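Numbering (the numbering used here), first residue to last: 455 to 548.
Think of the CB as a built atom: it goes at the ideal place given N, C-alpha and C, for glycine as much as any other residue.
Keep in mind that this is a model prediction, so the values were computed, not measured.
Here's the structure we're looking at; comments come further down.
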């Protein structure tokens with residue numbers, strides 16, 4: 455992914471779509487996987503499970519290397535920030 459491609463990423467849209475997908479599937483993951491992470495492909499709805507955000511992202515990138523994934527900590531209302539992508543922080547409510 456080039457720097458120009460990164461500039462054109464709509465992180466707000468990725469977050470909205472990722473949260474919509476998570477709301478539809480969360481009963482498949484809560485409560486038995488609380489604290490693990492999902493990397494969600496907002497274009498396809500495919501999800502990748504990992505013990506950490508890094509692991510979920512690495513698993514997802516093996517399938518789609520050039521995709522920006524929405525990362526969700528299962529059971530938490532949290533948005534992660536990657537430098538240069540977003541300035542929004544939402545604190546965990548748990």
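Between the options, which has its C-alpha nearest residue i's C-alpha?
i: residue 496; options: 482, 490, 477 and 471; result: 471
i: residue 486; options: 468, 505, 463 and 515; result: 505
Would you call the CB atoms of residue i and residue j closer than 8 angstroms?
i: residue 501; j: residue 528; result: no
i: residue 493; j: residue 530; result: no
i: residue 463; j: residue 499; result: no
Who pairs with residue i in a beta bridge, going by DSSP?
i: residue 504; result: 491
i: residue 525; result: 493
Could you tell me how far apart the beta carbons of residue i and residue j are, in whole angstroms, since I believe they sit closer than 8 angstroms?
i: residue 508; j: residue 490; result: Contact doesn't hold; Cβ gap of about 12 angstroms is too wide.
i: residue 488; j: residue 511; result: About 19 angstroms separates the two Cβ atoms, so there is no contact after all.
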